[in-house]
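Numbering (our numbering), first residue to last: 99 to 354.
Glycine included, C-beta positions come from ideal geometry on N, C-alpha and C.
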Amino acid sequence: MSALYQYHNAPEVAPAHGLEYDDTIYPTSDKYPVVREAPSYDPSNYKGKHAFVNDNKPPRIIFGMKVRTFLLVALVMVLIIVGAAVGGAVGGKSMRESQTQDGTIPYAGLSNTTSTAASATSPAQATFAAPTPTFSPLATCADNTTYTSTYSKGASGSLPANAGLNFTVYCNLTNPLLKPTSQTLAVAYTYSLSDCVEVCAGYNYYANSGNCTVAAYQPTGNRPSNCWIGYTTGGLQVSSLKESDGMDIAVLDATS
């Protein structure tokens, strides 16, 4: 600090702090005061700007951000919250309307009668697909042999007197049920000739009759049927049947 500037050599009172004269800042000027403390803003005309151009007071900080940055972030967050609320309300309304249309959940305020009517007009249809077995039907035909149904042991109580349960097996013959004088009683999909014969024997057992006289089985047949049971009118002459590879038949014995 330089010596105080004096106009005369009379005693003087030392100036207050901040009003000293500095010869090193303005060497060519006529001693300007160095103001070390000054207000950051002009109290007489405050418009939000610094009173001095070279004022180095730090800007205002809110949550570690400048005022303008904070306001921008707050605006974006408000827009996101409002958008999420509107989207949730619209989605919930759409879901309630769709559930009301198919009758699963009645809309609040509707009576039970209205809900029942909507359910009756558009009932929910359930579908079921049974698994398909992967077994292959067996070609186990023993030509000109006798097959006795297991129903002969009695499936429910005593054995019916007129049930036809004894059959004679023939291999590789045409299906007699294809003749115009024949009648098919039922069809099935079985995995062996014996199973096919049991279908015919079961028909006779529960009907207490010998109406089913022929069971025809084709191992290579496709679903839904490879087994046909029925009868022929006027009797069946096996010798009149032609050969047919892959078709096996069982004919009810006359004494059965």
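Query raised in the report: Is the shortest distance between the beta-carbon of Q335 and the beta-carbons of chain C less than 8 Å?
Result: Considering every chain present, this structure includes no chain C. It has just one protein chain.
Query - Environment of Y304 [buried if 16+ CB atoms lie within 10 Å] - result: As a working note, residue 304 is residue 206 in the sequence shown. If you draw a 10 Å sphere on the C-beta of Y304, you find fewer than 16 other C-beta atoms in it, and that means exposed.
Query - Buried or exposed (CB count within 10 angstroms, at least 16 for buried), Q223 - result: Sequence index remark: in the sequence shown, residue 223 carries index 125 (1-based). With fewer than 16 Cβ atoms within 10 Å of its Cβ, Q223 is classed as exposed.
Report task. Work out the CA separation of V267 and P235 for me, nearest whole Å. Result -> Counting from one through the sequence shown, the residue named residue 235 turns up at place 137. Counting from one through the sequence shown, the residue named residue 267 turns up at place 169. One C-alpha to the other measures close to 17 Å.
**Report entry** Residue of T331, L275, A299 minimising C-alpha distance to Y245
**Finding:** One-based indexing of the sequence shown puts residue 245 at position 147. The shortest C-alpha separation from Y245 is found at A299.
Query raised in the report: Are the beta-carbon atoms of A313 and V295 separated by less than 8 Å?
Result: In the sequence shown, the residue the question calls residue 313 occupies position 215. In the sequence shown, the residue the question calls residue 295 occupies position 197. Taking 8 Å as the Cβ cut-off, A313 and V295 qualify as a contacting pair.
Query raised in the report: Whose CA, out of V174, Y287, K340, lies closest to the CA of T230?
Result: Within the sequence shown, residue 230 is the residue found at index 132, counting from 1. When only C-alpha atoms are compared, the closest one is Y287.
Query raised in the report: Between the beta-carbon of K251 and the beta-carbon of T330, is there less than 8 Å?
Result: By one-based count along the sequence shown, residue 251 stands at place 153. By one-based count along the sequence shown, residue 330 stands at place 232. No, they are not a contact pair.
Query raised in the report: So, are the CB atoms of W326 and L275 less than 8 Å apart?
Result: Along the sequence shown, one-based indexing puts residue 326 at 228. Along the sequence shown, one-based indexing puts residue 275 at 177. For W326 and L275, yes; Cβs fall inside 8 Å.
Report task. Out of A182, V349, I160, S196, state which residue places its alpha-carbon closest to the alpha-carbon of G333. Result -> Numbered from its first residue, the sequence shown carries residue 333 at position 235. Nearest of A182, V349, I160, S196 to G333, Cα basis: V349.
**Report entry** Collapsed DSSP secondary structure at V336 in the structure displayed
**Finding:** Residue mapping note: residue 336 aligns to position 238 of the sequence shown, counting from 1. Of the three classes helix, strand and coil, the one that applies to V336 here is helix, per DSSP.
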